[in-house]
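Trainee: Residue numbers (the UniProt record's numbering): 1 to 43.
Where is the CB? At the ideal position from N, CA and C, for every residue including glycine.
This is the structure, below, for whatever I ask next.
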């Protein structure tokens, strides 16, 4: 198993939405990935 070390792309400025509540794990992962994308941590 490989350890991932994400690199930040861009600055940590601008509005970020609050996390939404969900019942399914798939929706939770989608929301998390969207938040990380908004923060500039994933390409």
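If you check the beta carbons only, do residue 41 and residue 8 fall under 8 Å apart?
Mentor: Closer than 8 Å, so yes.
Trainee: Using a Cβ-Cβ cutoff of less than 7 Å, which residues in the same chain neighbour residue 10 once the five nearest sequence positions on both sides are dropped?
Mentor: Correct list, in chain order: 40.
Trainee: Would you mind reading off the limits of the alpha helix (DSSP H) that contains residue 7?
Mentor: Here residue 7 belongs to no alpha helix (DSSP H), and DSSP marks it neither H nor E.
Trainee: Here's a check: name, in chain order, each residue in its chain whose Cβ is nearer than 6 Å to the Cβ of residue 36, leaving out the five neighbours to either side.
Mentor: Only 42 meet the Cβ criterion.
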